[in-house]
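Residue numbers (this note's numbering), protein chains in the order written: chain A, 176 to 300; chain B, 176 to 300. Glycine included, every Cβ here is placed at the ideal spot set by N, Cα and C. Note sheet for the following structure.
Protein chains: 2
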Amino acid sequence: MERNTRQRGAIRRAFQRADRPLGTGEVLELARGEVGGLGIATVYRNIRTLANEGWLDVVELPGEVPRYEVRGKGHHHHFRCRQCDRVYEVPGCVGSLSEIVPPGFSLESHELVLYGLCADCSASP
Amino acid sequence: MERNTRQRGAIRRAFQRADRPLGTGEVLELARGEVGGLGIATVYRNIRTLANEGWLDVVELPGEVPRYEVRGKGHHHHFRCRQCDRVYEVPGCVGSLSEIVPPGFSLESHELVLYGLCADCSASP
DNA sequence: GTCGTTGCAAAGCGTTTGCAGCCTA
DNA sequence: TAGGCTGCAAACGCTTTGCAACGAC
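What follows is the structure, encoded as structure tokens:
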């Protein structure tokens, strides 16, 4: 059975307070504010546990370390601002993907990442 | 000045024959067909060299090690087989991406990755 | 002959695992 | 009290680097 330790609670709160995708290093830094001696192995183990039980979603962008965020909506994609590096959720999706799938291939899922300038950075470059 | 060694030639030909993005392990395996004692460090060093001179493009999929492909193809995306883990190039592209971009955001580029079964794995599961 | 290149081994670096002791239920 | 959880350190997998020998030009 799963237990509620100080360490796991601190890691959960780190994600809830940040309200954005966090990497393992950021989680360690934030959660150590509550639990001083927190070890990196504990962060990795808890992130895996929380992801397995569906409390966390994995956010993986090409060429970047995995981030994790509190599980939110269903199917969505991400927009990454090339200026401020923030990542935003993008509701909605493209249609007619099956048209470009090569013959004989069977499509099961897809990932789409948009790059550009977010509203803030477009307004004040 | 750059030299044409047997090892570099074998690595170039591995990419040209495969005609799909290759990881370092795949390159090592393929190029060893020509140069038996080829070392993994040589593969890494040559991939870096070929990428720096523009002969190779880097293909990065979310959460995976980088792959590389010969440069010069037009705009395309990638299909990753969840069974054999190979990555294929997919010509063509989705349309109407601007519809899902949030108001105020400006879209500059995008990455699309398709997941499923390739033709080989669909035929013989 | 020069010096870019190679294979080997060791070093990095981020992540995972083994273990003895701790602490939640 | 049982056994899940933790911190530490070692192990791990992938990539880079140091070095002496090799070989393209």
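Going by DSSP in three states, residue i sits in which element: helix, strand or coil?
i, result
"residue 190 of chain B", "helix"
"residue 283 of chain B", "strand"
"residue 269 of chain A", "coil"
"residue 308 of chain B", "Any answer about residue 308 of chain B is impossible in this case: the structure gives chain B only from 176 up to 300."
"residue 293 of chain B", "coil"
"residue 288 of chain B", "strand"
"residue 301 of chain A", "Outside the displayed range of chain A (176 to 300) lies residue 301 of chain A, so it cannot be described from this structure."
"residue 218 of chain B", "helix"
"residue 236 of chain B", "coil"
"residue 209 of chain B", "coil"
"residue 276 of chain A", "coil"
"residue 264 of chain A", "strand"
I'd like to know if residue i contacts chain A, where contact means its C-beta is closer than 9 angstroms to some C-beta of that chain.
i, result
"residue 233 of chain B", "yes"
"residue 280 of chain B", "yes"
"residue 241 of chain B", "yes"
"residue 197 of chain B", "no"
"residue 262 of chain B", "no"
"residue 190 of chain B", "no"
"residue 297 of chain B", "yes"
"residue 267 of chain B", "yes"
Using only the alpha-carbon positions, how far apart do residue i and residue j sit?
i, j, result
"residue 220 of chain B", "residue 239 of chain B", "20 angstroms"
"residue 209 of chain A", "residue 185 of chain A", "6 angstroms"
"residue 195 of chain B", "residue 241 of chain A", "25 angstroms"
"residue 249 of chain B", "residue 180 of chain A", "53 angstroms"
"residue 214 of chain B", "residue 178 of chain B", "18 angstroms"
"residue 273 of chain B", "residue 244 of chain A", "26 angstroms"
"residue 203 of chain B", "residue 254 of chain B", "22 angstroms"
"residue 265 of chain A", "residue 251 of chain A", "6 angstroms"
"residue 246 of chain A", "residue 217 of chain B", "43 angstroms"
"residue 262 of chain A", "residue 234 of chain A", "10 angstroms"
"residue 230 of chain A", "residue 229 of chain B", "43 angstroms"
"residue 276 of chain A", "residue 293 of chain B", "10 angstroms"
"residue 286 of chain A", "residue 227 of chain A", "20 angstroms"
"residue 270 of chain B", "residue 225 of chain A", "36 angstroms"
"residue 296 of chain A", "residue 211 of chain B", "53 angstroms"
"residue 267 of chain A", "residue 189 of chain A", "28 angstroms"
"residue 187 of chain A", "residue 176 of chain A", "18 angstroms"
"residue 298 of chain A", "residue 291 of chain A", "13 angstroms"
"residue 198 of chain A", "residue 199 of chain B", "26 angstroms"
At 8 angstroms on the CB atoms, spell out the chain B contacts of residue i, in chain order.
i, result
"residue 294 of chain A", "277, 278, 279 and 280"
"residue 218 of chain A", "Chain B residues near residue 218 of chain A: none, gap ~18 angstroms exceeds 8 angstroms."
Measuring only between beta-carbons, confirm whether residue i sits less than 9 angstroms from chain B.
i, result
"residue 225 of chain A", "no"
"residue 245 of chain A", "no"
"residue 213 of chain A", "no"
"residue 250 of chain A", "no"
Under 8 angstroms between beta-carbons, which chain A residues line up against residue i? List them in chain order, please.
i, result
"residue 291 of chain B", "276, 280, 281, 282, 283 and 284"
"residue 257 of chain B", "283"
If the cut is a Cβ gap below 7 angstroms, which residues of chain A does residue i touch?
i, result
"residue 238 of chain B", "235 and 241"
Run down chain B in chain order and give the residues with a C-beta less than 7 angstroms from the C-beta of residue i.
i, result
"residue 288 of chain A", "285 and 286"
Residue i touches chain B at which residues, Cβ-Cβ below 9 angstroms?
i, result
"residue 272 of chain A", "269, 287 and 289"
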